[in-house]
Amino acid sequence: MAHPSSPTAHAILHAPPDDPDEFEQSPDQPPGIDEYTDHLPDPVSAAHRVNDFIGAYGDGRVSGLEGLPPLFTRDLNALTKAVLE
């Protein structure tokens, strides 16, 4: 979890949770997105989901991505700030 004095702790904006029933339709894609299309979710909704992830994950490098370029929660936070501000 992010430390209260970390940059990400104060920058997270919370949105109402997504409807769980929408995830049951296509659990591998955001709500309303058909996995067989190249459609993207609404950027604001996506940014709120990313902020929820950051809030649960905390600060630092996102693990579980071995063999891929590094991804940090601050990278994600910078992108969500650009969308939400």
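Numbering follows the working numbering, in which position 48 of the sequence shown is assigned residue number 1347; successive positions increment by one, without gaps. We put the CB at the ideal spot given by N, CA and C, even for glycine. Note that this is a predicted model, so its numbers are computed, not measured.
If you draw a straight line from the C-alpha of residue i to the C-alpha of residue j, how long is it?
i	j	result
residue 1356	residue 1344	18 Å
residue 1359	residue 1333	31 Å
residue 1348	residue 1366	25 Å
residue 1350	residue 1375	8 Å
residue 1302	residue 1354	Model confidence at residue 1302 stands at a pLDDT of 44, short of 50, so the residue's coordinates are unreliable and nothing is read from them.
residue 1377	residue 1336	27 Å
residue 1338	residue 1331	9 Å
residue 1364	residue 1352	15 Å
Buried or exposed: which applies to residue i, given that a residue is buried once 16 or more other Cβ atoms fall within 10 Å of its Cβ?
i	result
residue 1379	buried
residue 1372	buried
residue 1300	Interpretation of residue 1300 is limited by its pLDDT of 42, a score under 50 that renders its predicted location unreliable; no figure is taken from the coordinates.
Please list, in chain order, all residues of the same chain as residue i whose beta carbon is under 6 Å from its beta carbon, the five residues on each side excluded.
i	result
residue 1329	1340
residue 1346	1379, 1382 and 1383
In chain order, what residues of the same chain have a beta carbon less than 7 Å from the beta carbon of residue i, not counting five sequence neighbours either side?
i	result
residue 1327	1334
residue 1369	1360
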